[in-house]
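Peer 1: I'd like to ask some things about the structure below.
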Amino acid sequence: MDLSLSEDQLAVQAAFAEFFDKEATVERVRAAEPLGFDPDLWARLAGTGAIAMGWPEDAGGDGASHLDLVLVAEQYGRRIAPVPFPESVAAGCLLARAGATGLLENIADGRTLPTIALSPPAGGKLRLVPAGAVAELVVAFDGENLFALRRPPGQRPHVPPSPNLGSSPLADWPLDDGERTELASGPRAVQLYADAVADWKLLTAAALGGLRATALELGVSYVKARKAFGVIIGSFQAVQHRLADLVVAGDGAQLLTYEAAWARDTAHPDTAQPDTGQPDAAALASMAFLFNADCAFRTARECLQFHGGYGVTLEYDIQLYFRRAKAWPLALGDPRREYQRLADLAYPEE
Amino acid sequence: MDFKDVDKLAEYRQQAREWVERHVEEDWAEQQRVSGSYHTPELHALLAEQGWLGAGWPAEYGGTDNDPDLAAALFEEIDTAGLHLDGWITTTMICRTILHAGTEEQKRAIVGGALRGKVLIVLGYTEPDSGSDVAAAKTRAERDGQEWLINGQKMFTSTAHMATHVFMLTRSNTEVPKHKGLTTFLVPLDGPGVEIRAIHTLGGQRTNGTFYSDVRVPDSARIGPVDGGWGVMHVALVFERSGASGRRSGPTLAERVAHWARQARRDDGTRVYDDPTVKERLARIAIEAEVSRLLGMRTAWVAASGALPGTEGSAAKLFSAESAQRQHWDLLDILGAEAVLRREAGDAPLDAAVDEAFRRGVVGTIYGGSTEIMREIVAERVLGLPRVRARS
Chain D
1 MDLSLSEDQL AVQAAFAEFF DKEATVERVR AAEPLGFDPD LWARLAGTGA
51 IAMGWPEDAG GDGASHLDLV LVAEQYGRRI APVPFPESVA AGCLLARAGA
101 TGLLENIADG RTLPTIALSP PAGGKLRLVP AGAVAELVVA FDGENLFALR
151 RPPGQRPHVP PSPNLGSSPL ADWPLDDGER TELASGPRAV QLYADAVADW
201 KLLTAAALGG LRATALELGV SYVKARKAFG VIIGSFQAVQ HRLADLVVAG
251 DGAQLLTYEA AWARDTAHPD TAQPDTGQPD AAALASMAFL FNADCAFRTA
301 RECLQFHGGY GVTLEYDIQL YFRRAKAWPL ALGDPRREYQ RLADLAYPEE
Chain C
1 MDFKDVDKLA EYRQQAREWV ERHVEEDWAE QQRVSGSYHT PELHALLAEQ
51 GWLGAGWPAE YGGTDNDPDL AAALFEEIDT AGLHLDGWIT TTMICRTILH
101 AGTEEQKRAI VGGALRGKVL IVLGYTEPDS GSDVAAAKTR AERDGQEWLI
151 NGQKMFTSTA HMATHVFMLT RSNTEVPKHK GLTTFLVPLD GPGVEIRAIH
201 TLGGQRTNGT FYSDVRVPDS ARIGPVDGGW GVMHVALVFE RSGASGRRSG
251 PTLAERVAHW ARQARRDDGT RVYDDPTVKE RLARIAIEAE VSRLLGMRTA
301 WVAASGALPG TEGSAAKLFS AESAQRQHWD LLDILGAEAV LRREAGDAPL
351 DAAVDEAFRR GVVGTIYGGS TEIMREIVAE RVLGLPRVRA RS
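Top to bottom, those sequences are chains D and C. In this text, residue positions in the first sequence follow the working numbering: the first is 1, and each later residue adds one. In this text, residue positions in the second sequence follow the working numbering: the first is 1, and each later residue adds one.
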């Protein structure tokens, strides 16, 4: 057991903290609304190598671990950066694993933005694809075939975006929009897609963890400054105890995310340790996603509440976090469905 | 980062199991359950006689050559067999405190006696009017020449009716702020003026109220400096919160309920497990159990790297105690109408394991620092928010 980050990991964390602090200021986040996409930030993020870092080296990546990706995603979430990081990484890693080298072209440098559809096609389209308004490539699974649709490059957004709670570049993607490439079918498609969705859950968990951390900072600094009845409101026990709960759950959420990343990096069926009771990588990704979603929203909601009337004004930043805390996890649908799926993973039939 | 929870005691498990099979009598666990006294004198004497209590302790104070890892595996195996070692747990906490704060003479006599199984120490902090505010203790200690006269009352002095000594926090000085007028003593429980009355709990435990009238002890019974009891308590409380091992022994309660839910059917013939609300509750329990395990792991990791796990320990205690209770409430609900059956009913689901966990779990958010105190520690020390509790 070692819960410390290595020197290299600390360096990744520090570098991306600095990058997003500088490039994803709250002014830039606000300026990118309502679409929720900043083309310049996207180009710069690609310039850091972050999009392709998780691909194997022979696919043109750095072979970075899931833990490295999680560290980047946390920093991305801290600044609620207006770029689709979890989607692009999950889709790119899937293409690399599927050996679709042709489709990987132009992704690393940001010219082609890939994403993943989190629900199967219905009615001739993919509904509310994350980053669907700005992506040139989407990977989707219809239950049998895993395929990609590629649009020609052009002005982003490619389609009119659907205004939404989280100011995310969501859009429907008609199945006849773009050139279709078959990636896999049958059990291999199931596995590739499940792994990619697990990657998305893990990176979204990390992003929500970062979002949560900043929402908490906003709340704590507000309660330390705002006075009522002659004292700072942070001296009230009703406020302190709720903040303490958020800290503790948040610490647990971060550990869970790191453990889930570690499990995906080290998972080999033959090294599984059934006696320890440690859940497997798929269960941990699901747990990290659900628990971080829960903690992030609870934290943003409580910290908005502590802002009093200012919390509902658009001028205060807490609302930016509050809206995304609820909206980001909803890309996967009702979280309660995910709890159902997790139950089967966490309590396997004997 | 490495989250692998390696079982350091793996190679000792088999031997420990064999020891338990050979020496632990089958009815001891049931005796503890029925009596609510979580100490079995025969077992304690056996552990002492064979040198297991002294394993890993300094030889000059009675430590033995027994392998400390095997001893640790043995204690865990005893726990798995359903036997509590509460008397030994409080005794080791105070022995560690004495090694830290006691005189040479005390280390030899008390620690030595404890490792031989002759001294059994219980905790005397809480009083009728003070629990979390432990420094508000009113039990008086007054100097009388080379002796001290002790008068007052302690609450929840568990195992006192089977112990030889109580480690007691007393008020030795009423002229100074409350933290500065405390002195700790190790008071024999067999002397005149000590009265022990049983108190029974919701969780089936027998604890005690203990009364002290003109109890006379020599100055050599004092642990640490006069009026320096708060410093001694700091050491003792750290030993109280440095946690137990999270090793898993057999299926968890939630896994047992999940297994039950896969077989059991509701009145309408549907399988309990197929109810989405049941699955959701089980999934939430699995997540929180993992978070509790990780927060505990972090505390152990901080402790292993040589630091005192202050706020980490508080965070783990706060989350896991409350989470365990939520789990018990949900698991009872899932079991439905039969959940209320006690073991004596004969046909309780899972032999009333959930009912018993529910009852026992109630105290988890109260003892060892209530969750309200844990929240204040986190708010003050992690977030830097102002202290709410009045200073004396």
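Glycine residues also receive a C-beta, built at the ideal position from the N, C-alpha and C atoms.
With Q240 of chain D and L385 of chain C assumed to form a contact (beta carbons below 8 Å), what rounded beta-carbon distance in angstroms separates them?
Peer 2: As a working note, residue 240 of chain D is residue 240 in the first sequence. As a working note, residue 385 of chain C is residue 385 in the second sequence. Confirmed, Cβ separation roughly 5 Å.
Peer 1: Under 8 Å, with one C-beta from each stretch per pair, do the stretch 176-193 of chain D and the stretch 60-69 of chain D reach the 3-pair mark?
Peer 2: They do not touch, by the three-pair rule.
Peer 1: Tell me the rounded alpha-carbon separation between P68 of chain C and E259 of chain D.
Peer 2: For the purposes of this step, residue 68 of chain C is taken as the residue at position 68 of the second sequence. For the purposes of this step, residue 259 of chain D is taken as the residue at position 259 of the first sequence. Their Cα atoms are separated by approximately 30 Å.
Peer 1: For Q278 of chain D, which three-state DSSP category applies?
Peer 2: Numbered from 1 along the first sequence, position 278 holds the residue referred to as residue 278 of chain D. Reduced to three states, the DSSP call for Q278 of chain D is coil.
Peer 1: Can you tell me whether DSSP reads E179 of chain D as helix, strand or coil?
Peer 2: Along the first sequence, one-based indexing puts residue 179 of chain D at 179. Strand.
Peer 1: If we cut at 9 Å on Cβ distances, does S132 of chain C have a partner in chain D?
Peer 2: To locate residue 132 of chain C, count along the second sequence from 1; it is residue 132. Cβ-Cβ to chain D under 9 Å: no for S132 of chain C.
Peer 1: In the DSSP assignment, what residue or residues form a beta bridge with W262 of chain D?
Peer 2: Position 262 of the first sequence, counting from 1, holds the residue named residue 262 of chain D. Looking at the DSSP assignment, W262 of chain D forms no beta bridge with any residue, so it has no partner.
Peer 1: Rounded to whole angstroms, what's the CA-CA distance from A73 of chain C to E302 of chain D? Just pull it up for me.
Peer 2: Position 73 of the second sequence, counting from 1, holds the residue named residue 73 of chain C. Position 302 of the first sequence, counting from 1, holds the residue named residue 302 of chain D. Rounded to whole angstroms, A73 of chain C to E302 of chain D spans 44 Å at the Cα level.
Peer 1: In three-state DSSP terms, what is S167 of chain D?
Peer 2: Position 167 of the first sequence holds residue 167 of chain D. Residue state, collapsed to three classes: coil.
Peer 1: Can you check whether the C-beta of L284 of chain D is within less than 9 Å of a C-beta belonging to chain C?
Peer 2: Taking the first sequence and counting its residues from 1, the one referred to as residue 284 of chain D is at position 284. For L284 of chain D, the answer is yes, since a Cβ of chain C falls inside 9 Å of its Cβ.
Peer 1: For the stretch 232-252 of chain D, enumerate the residues whose C-beta is nearer than 9 Å to any C-beta of chain C, in chain order.
Peer 2: Result list: I232, G234, S235, F236, Q237, V239, Q240, H241, R242, L243, A244, D245, V247, V248, A249, D251, G252.
Peer 1: Taking a cut of 8 Å between CB atoms, which residues from the stretch 323-340 of chain D lie near chain C?
Peer 2: Cβ contacts with chain C come from R336, Y339, Q340.
Peer 1: Could you confirm whether any beta carbon from chain C is found closer than 9 Å to the beta carbon of D270 of chain D?
Peer 2: Stepping through the first sequence from its first residue, residue 270 of chain D is reached at position 270. Confidence at D270 of chain D is low in this model, with a pLDDT of 44, below 50, so the placement of that residue is unreliable and no value is reported for it.
Peer 1: Are at least three pairs of beta-carbons, each pair with one atom in the stretch 12-28 of chain C and one in the stretch 41-50 of chain C, less than 8 Å apart?
Peer 2: With a cut-off of 8 Å, the stretch 41-50 of chain C and the stretch 12-28 of chain C count as touching, because enough Cβ pairs lie within range.
Peer 1: Counting only runs of 3+ residues fully inside the stretch 58-127 of chain D, write out the beta strand (DSSP E) ranges in chain order.
Peer 2: As far as the stretch 58-127 of chain D is concerned, its whole beta strand (DSSP E) runs of at least 3 residues are 114-116.
Peer 1: Would you please verify whether the beta carbon of F213 of chain C is less than 9 Å from any beta carbon of chain D?
Peer 2: Walking along the second sequence from the start, residue 213 of chain C turns up at place 213. Residue 213 of chain C is actually Ser in this sequence, not Phe. It does not: the Cβ of S213 of chain C has no partner Cβ on chain D nearer than 9 Å.
Peer 1: What does G209 of chain C pair with, by DSSP beta-bridge criteria?
Peer 2: Within the second sequence, residue 209 of chain C is the residue found at index 209, counting from 1. Note: G209 of chain C sits in a beta bridge opposite C:M155, C:R197.
Peer 1: Residues of chain B with CB under 7 Å from W329 of chain C, in chain order?
Peer 2: Reference to chain B is not applicable here, since the protein chains of this structure are D and C.
Peer 1: Using a beta-carbon distance below 9 Å, is A15 of chain D in contact with chain C?
Peer 2: In the first sequence, residue 15 of chain D corresponds to position 15, counting from 1. Taking Cβ atoms only, chain C never reaches closer than 9 Å to A15 of chain D, which makes this a no.
Peer 1: Under 9 Å between C-beta atoms, does G384 of chain C make it to chain D?
Peer 2: Against the second sequence, residue 384 of chain C aligns to sequence position 384. Closer than 9 Å to some Cβ of chain D, the Cβ of G384 of chain C qualifies, so yes.
Peer 1: For V6 of chain C and chain D, any beta-carbon pair shorter than 9 Å?
Peer 2: Locating residue 6 of chain C in the second sequence gives position 6, where the first residue counts as 1. For V6 of chain C, the answer is yes, since a Cβ of chain D falls inside 9 Å of its Cβ.
Peer 1: Give the DSSP bridge partners of M168 of chain C, in chain order.
Peer 2: Position 168 of the second sequence, counted from the first residue, corresponds to residue 168 of chain C. M168 of chain C pairs with C:G124, C:F185.
Peer 1: Tell me the DSSP secondary structure of R156 of chain D in three-state form.
Peer 2: Along the first sequence, one-based indexing puts residue 156 of chain D at 156. Residue state, collapsed to three classes: coil.
Peer 1: Run the CB neighbour count on F229 of chain D, radius 10 Å, all protein chains shown included, and call it buried at 16 or more, exposed below.
Peer 2: The residue you call residue 229 of chain D lines up with position 229 of the first sequence. Exposed, since its Cβ has fewer than 16 Cβ neighbours within 10 Å.
Peer 1: Any Cβ of chain C within less than 9 Å of the Cβ of W173 of chain D?
Peer 2: Position 173 of the first sequence, counting from 1, holds the residue named residue 173 of chain D. W173 of chain D does not count as touching chain C.
Peer 1: Taking the straight line between their C-alpha atoms, what separation do you get for L3 of chain D and M1 of chain C?
Peer 2: Taking the first sequence and counting its residues from 1, the one referred to as residue 3 of chain D is at position 3. Taking the second sequence and counting its residues from 1, the one referred to as residue 1 of chain C is at position 1. Roughly 5 Å between the two C-alpha positions.
Peer 1: For a contact meaning CB atoms closer than 9 Å, what does A315 of chain C contact in chain D?
Peer 2: One-based indexing of the second sequence puts residue 315 of chain C at position 315. Chain D residues near A315 of chain C: A244, V247, V248, D251, G252.
Peer 1: Under DSSP, the beta strand (DSSP E) around A264 of chain C begins and ends at which residues?
Peer 2: Numbered from its first residue, the second sequence carries residue 264 of chain C at position 264. Where A264 of chain C is concerned, there is no enclosing beta strand (DSSP E), given that its DSSP letter is neither H nor E.
Peer 1: Could you give the residue range of the alpha helix (DSSP H) that holds F358 of chain C?
Peer 2: To locate residue 358 of chain C, count along the second sequence from 1; it is residue 358. Here the alpha helix (DSSP H) through F358 of chain C covers 353-361.
Peer 1: Spatial neighbours of V362 of chain C within its chain, please: CB distance less than 8 Å, with the 5 preceding and 5 following residues excluded, ordered by chain position.
Peer 2: Numbered from its first residue, the second sequence carries residue 362 of chain C at position 362. Once the five neighbours on either side are set aside, the close Cβ partners of V362 of chain C are L202, G203, Q325.
Peer 1: Does chain C have any CB closer than 9 Å to the CB of S4 of chain D?
Peer 2: Within the first sequence, numbered from 1, the residue matching residue 4 of chain D stands at position 4. It does; some Cβ of chain C falls within 9 Å.
Peer 1: Which one or two residues does DSSP pair with W148 of chain C in a beta bridge?
Peer 2: Locating residue 148 of chain C in the second sequence gives position 148, where the first residue counts as 1. C:R143, C:V217.
Peer 1: Starting from the C-beta of P218 of chain C, find all residues in its chain whose C-beta is less than 7 Å away, skip the five residues before and the five after it, and write them out in chain order.
Peer 2: As a first step, residue 218 of chain C must be located in the second sequence, where it is residue number 218. Cβ neighbours of P218 of chain C beyond the five flanking positions: Q146, E147.
Peer 1: Grouping DSSP H, G and I as helix and E and B as strand, with all else coil, what is D294 of chain D?
Peer 2: Within the first sequence, the letter at position 294 stands for residue 294 of chain D. Three-state result, D294 of chain D: helix.
Peer 1: Does any residue of chain D have a CB that is nearer than 9 Å to the CB of P276 of chain C?
Peer 2: The count along the second sequence starts at 1 and reaches residue 276 of chain C at position 276. Chain D, which has a Cβ nearer than 9 Å to the Cβ of P276 of chain C, makes this yes.
Peer 1: Using only the alpha-carbon positions, how far apart do E7 of chain D and F3 of chain C sit?
Peer 2: Position 7 of the first sequence, counting from 1, holds the residue named residue 7 of chain D. Position 3 of the second sequence, counting from 1, holds the residue named residue 3 of chain C. Rounded to the nearest angstrom, the two C-alpha atoms are 18 Å apart.
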